[in-house]
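In the working numbering, the protein residues as written are 9 to 296.
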Amino acid sequence: MGYLLFVTLIQAFSFSLIGEYLAGHVDSYFAVLVRVVLAGLVFIPLTRWRQVEPSFVRGMLLIGALQFGVTYVCLYLSFRVLTVPEVLLFTILTPLHVTLIEDALNRRFNPWALIAALVAVAGAAVIRYDRINPDFFMGFLLLQLANFTYAAGQVLYKHLVARHPSDLPHYRRFGYFYLGALAVALPAFLMFGKADFWPEAPLQWGVLIFLGLVSTALGLYWWNKGACMVNGGTLAVMNNLHVPVGLLVNLLIWNQHEELGRLLLGGSVILAAVWISRLGVRQPLPAH
């Protein structure tokens with residue numbers, strides 16, 4: 009779970025960086041494309057191109073297209089109409105997507121995983137549930153699509169790696185992920201990108217470089233690797249932990265006026281959900 013916790017911290021900073029320095033200033037499609045290209049420059053030279061099963065390659069291309077390509081195009085577009093706290097709020101449904109997709113692929117119903125996901129959603133809702141702007145529906149729908157594709161990507165990766173075991177380390181087969189993401193990001197930029205909204209300030213370029221090399225390259229790699237090491241319930245819950253951490257980052261660094269009491273209470277509920285998901289593994293329900 010260490011990989012997931014570390015990436016949670018990266019995600020918490022990333023949401024605020026996007027909202028504070030890129031949203032409304034840098035073209036969304038260009039930002040997504042730059043992140044994919046930078047991450048690809050890290051992993052593609054490390055990728056094994058021979059003796060890799062074609063079905064694994066196809067699966068990784070699909071996962072990259074979903075988990076980064078579609079997800080981050082929708083995420084950046086949502087920042088046009090939503091604030092950072094609102095974006096964080098609307099991502100609380102990701103655990104439900106993870107749980108439902110995981111159970112659907114396994115053709116089973118795991119009550120512990122569902123309970124843990126619901127508790128995590130409740131904890132995140134405690135933190136931020138106030139008035140939202142008139143663009144609620146547009147932002148909400150964009151983020152639900154992003155939630156679904158992000159959840160689908162990580163669950164599919166977990167199953168793909170299980171079906172195609174290899175002696176190679178994960179990073180030697182991860183470059184295909186960014187090619188799949190590029191297959192979405194590049195056409196989106198060519199069709200909808202606006203050249204007059206490219207980065208101008210050095211700080212904006214610095215943020216993009218950080219997001220590309222750290223959040224997109226290391227972050228997505230570590231998150232998917234960590235997803236292979238935990239059960240579906242824990243993975244669902246960890247998808248929500250970035251909400252309290254992200255709000256805390258906003259509170260401490262960018263002086264967003266959040267209610268600290270609600271932040272602590274909601275974070276405690278989410279931590280309890282992590283415990284519930286792990287309890288379900290140790291003590292499965294008896295068969296009837």
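Beta carbons: idealized from backbone N, C-alpha and C, even for Gly.
Three-state class that DSSP yields for residue i in the structure shown
i	result
residue 262	coil
residue 62	helix
residue 208	coil
residue 90	coil
residue 292	Residue confidence for residue 292 is low, a pLDDT of 43 falling below 50, so the modelled location carries little weight; the figure read from the coordinates is stated next. Residue state, collapsed to three classes: coil.
residue 120	helix
residue 55	coil
residue 250	helix
residue 176	coil
residue 34	coil
residue 239	coil
8 angstroms contact criterion, which residue i and residue j should meet: CB distance rounded
i	j	result
residue 51	residue 182	5 angstroms
residue 158	residue 91	Actually they do not touch by this definition, with Cβ atoms about 20 angstroms apart.
residue 160	residue 73	With a Cβ gap of about 10 angstroms, residue 160 and residue 73 do not count as contacting.
residue 124	residue 284	4 angstroms
Span of the alpha helix (DSSP H), counted from its first residue to its last, around residue i
i	result
residue 199	183-200
residue 10	10-25
residue 105	102-114
residue 29	First-last for residue 29: undefined, no H or E at that position.
Beta-carbon proximity list for residue i, same chain, < 7 angstroms, skipping 5 on both sides
i	result
residue 211	29
residue 130	277
residue 21	257
residue 262	24, 28
is_contact[residue i, chain D] using C-beta, thresh 8 angstroms
i	result
residue 257	Within the model displayed, chain D is absent; a lone protein chain is all it includes.
Cβ neighbours of residue i in the same chain (closer than 6 angstroms, five flanking residues each side left out)
i	result
residue 153	82
residue 231	15
residue 47	186, 220, 224, 225
Neighbourhood of residue i by C-beta, 8 angstroms cutoff - its chain only, sequence neighbours within 5 removed
i	result
residue 168	64, 67, 68, 71
For this session: Specify whether the region 67-84 and the region 105-116 touch according to this definition: at least 3 beta carbon pairs, one from each stretch, less than 8 angstroms apart.
Result: Counting Cβ pairs under 8 angstroms, fewer than three are found: no touch.
For this session: Flag this pair as touching only if the region 97-116 and the region 175-192 have three or more C-beta atom pairs under 8 angstroms; answer yes or no.
Result: Here the region 97-116 does not lie against the region 175-192, with fewer than 3 beta-carbon pairs under 8 angstroms apart.
Problem set entry | the region 191-205 / the region 92-100 touching (three or more Cβ pairs under 8 angstroms) | no
Exercise. Is the region 146-155 close to the region 233-244, with three or more CB pairs under 8 angstroms?
Worked result: no
Exercise. Any chance the region 167-179 sits against the region 217-225, with 3 or more Cβ pairs inside 8 angstroms?
Worked result: no
Exercise. Does the region 74-89 come close enough to the region 31-45 to have 3 or more Cβ pairs within less than 8 angstroms?
Worked result: Yes, they touch.
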